[in-house]
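Numbering (the numbering used here), first residue to last: 42 to 270.
Just below is one structure, and these are the notes that go with it.
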Ligand code: 6PG
């Protein structure tokens with residue numbers, strides 16, 4: 042577990058890209074495959090653009106999503122649209138495992154996604170919401186008790202209908218990398234990293250064992266002195 046505080050969102054993006062590139066190179070060298078779950082939202086787009094500039098063995102990489110909005114893949118709210126806009130054409134050779142956000146049968150789309158996942162992801166890139174949510178696991182959500190590996194969620198962040206990976210996937214993941222920038226994330230970050238954090242009220246605590254890359258604004262409420270590059 043580590044917390045690194047960097048001077049700007051741009052520095053967080055560059056550091057995240059370097060970390061993800063290291064994961065990919067290490068896993069492909071060791072096992073000829075890397076299964077990586079991408080984060081949604083807006084924060085990771087700059088990291089994906091930076092990652093696209095790094096020469097990597099994309100043909101051995103399987104890209105998944107920590108969550109997806111229940112919209113078509115070309116919808117402005119689609120996480121797949123955001124990720125491909127940033128990572129293509131560089132990552133065209135990767136195997137993209139898209140969530141069927143457009144499927145009106147959301148339960149079927151979630152079940153199929155859960156069934157397709159590897160037993161353990163090699164890494165999950167995650168964001169944090171101001172309320173301490175991560176992926177589409179919101180405070181108090183029934184999905185936090187789900188036994189399956191993906192759940193349909195009616196969440197607090199628009200658009201409300203989403204499909205999210207669930208805690209069992211977080212627990213099985215080999216690595217977790219959390220990105221957060223901006224003062225509006227400071228309370229959620231501090232709550233997630235607090236020793237007494239409760240996953241039910243701060244789902245991002247699911248990633249407390251991971252590595253956190255923060256800008257100074259998102260780290261503002263942390264009581265600890267984190268390493269500053
Ligand atoms: C989503 C995300 C969500 C996101 C946080 C932070 O699909 O909305 O998975 O969990 O990571 O809400 O969002 P921003 O990066 O836009 O601040």
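Every residue, glycine too, gets a C-beta built ideally from N, C-alpha and C.
request  = Excluding the 5 residues preceding and the 5 following residue 87 in the sequence, name in chain order all residues of the same chain whose CB lies nearer than 6 Å to its CB.
outcome  = As a first step, residue 87 is located in the chain shown; it is residue number 46 there, counting from the start. Here the set comprises 54.
task = Assign residue 146 to one of two classes, buried (16 or more other C-beta atoms within 10 Å of its C-beta) or exposed (fewer than that).
result = For this step, residue 146 is matched to residue 105 along the chain shown. It is exposed - the Cβ of residue 146 has fewer than 16 other Cβ atoms within 10 Å.
ask   = What residues in its chain sit with their C-beta under 7 Å from that of residue 58, if we drop five residues either side in the sequence?
value = Looking up residue 58 in the chain shown gives position 17. Only 88, 91, 92, 95 meet the Cβ criterion.
task = Pick helix, strand or coil for residue 147, following the three-state DSSP scheme.
result = Here the question's residue 147 lines up with position 106 in the chain shown. Helix at residue 147.
key: Contact between the segment 203-223 and the segment 247-267 (3+ Cβ pairs under 8 Å)   = yes
Burial state of residue 264, where buried means 16 or more other Cβ atoms lie within 10 Å = Taking the chain shown and counting its residues from 1, the one referred to as residue 264 is at position 223. So residue 264 counts as exposed.
request  = Please name the residue in 242, 120, 106, 225 whose C-alpha comes closest to that of residue 186.
outcome  = Indexing the chain shown from 1 puts residue 186 at position 145. Of the listed residues, the one whose Cα sits closest to residue 186 is 242.
ask   = How about the segment 97-113 and the segment 73-84: do they share at least three Cβ pairs that are nearer than 8 Å?
value = yes
key: Check: residue 82 C-beta below 6 Å from any heavy atom of the ligand 6PG   = The residue labelled residue 82 in the question sits at position 41 within the chain shown. Yes, since a heavy atom of the ligand 6PG falls inside the 6 Å radius drawn around the Cβ of residue 82.
query = Within 6 Å: the Cβ of residue 229 and any heavy atom of the ligand 6PG?
reply = Position 188 of the chain shown, counted from the first residue, corresponds to residue 229. No.
inquiry  = Between which two residues does the beta strand (DSSP E) holding residue 192 run?
reply    = Here the question's residue 192 lines up with position 151 in the chain shown. Run containing residue 192: 191-195, per the beta strand (DSSP E) assignment.
Nearest neighbour of residue 192, chosen from 71, 240, 101, 156 [CA to CA] = As a working note, residue 192 is residue 151 in the chain shown. It is 156 whose Cα lies nearest to the Cα of residue 192.
query = I think residue 64 touches residue 163, with their Cβ atoms under 8 Å apart; what is that distance to the nearest whole Å?
reply = On the chain shown, position 23 is the one that residue 64 refers to. On the chain shown, position 122 is the one that residue 163 refers to. Contact flag correct, Cβ pair sits at about 6 Å.
task = Out of 97, 139, 236, 179, point me to the one whose CA is closest to residue 199's CA.
result = Position 158 of the chain shown, counting from 1, holds the residue named residue 199. Of 97, 139, 236, 179, the residue nearest in Cα terms is 179.
message = Could you tell me the alpha carbon to alpha carbon distance between residue 71 and residue 101, rounded to whole angstroms?
response = Taking the chain shown and counting its residues from 1, one reaches residue 71 at position 30. Taking the chain shown and counting its residues from 1, one reaches residue 101 at position 60. The alpha-carbon atoms of residue 71 and residue 101 are separated by roughly 11 Å.
Nearest-angstrom Cα separation, counted from residue 97 out to residue 149 = Here residue 149 is taken as the residue at index 108 of the chain shown, counted from 1. Here residue 97 is taken as the residue at index 56 of the chain shown, counted from 1. Going by the C-alpha atoms only, they are around 34 Å apart.
key: Nearest residue (CA-CA) to residue 188, options 177, 206, 52, 176   = Within the chain shown, residue 188 is the residue found at index 147, counting from 1. Measuring from the Cα of residue 188, the nearest candidate turns out to be 206.
Proximity of residue 261 and residue 223 at Cβ, strictly below 7 Å = Position 220 of the chain shown, counted from the first residue, corresponds to residue 261. Position 182 of the chain shown, counted from the first residue, corresponds to residue 223. Cβ distance not < 7 Å, so residue 261 and residue 223 don't count as in contact.
key: Assigned secondary structure, residue 204 (DSSP; H/G/I helix, E/B strand, else coil)   = Counting from 1 along the chain shown, the entry for residue 204 is found at position 163. Strand.
message = Rounding to the nearest angstrom, what Cα-Cα distance links residue 44 and residue 210 in this structure?
response = Position 3 of the chain shown, counted from the first residue, corresponds to residue 44. Position 169 of the chain shown, counted from the first residue, corresponds to residue 210. Spanning the two alpha carbons is a distance of roughly 22 Å.
query = According to DSSP, is residue 160 helix, strand or coil?
reply = In the chain shown, the residue the question calls residue 160 occupies position 119. In this structure, residue 160 counts as coil in the three-state DSSP scheme.
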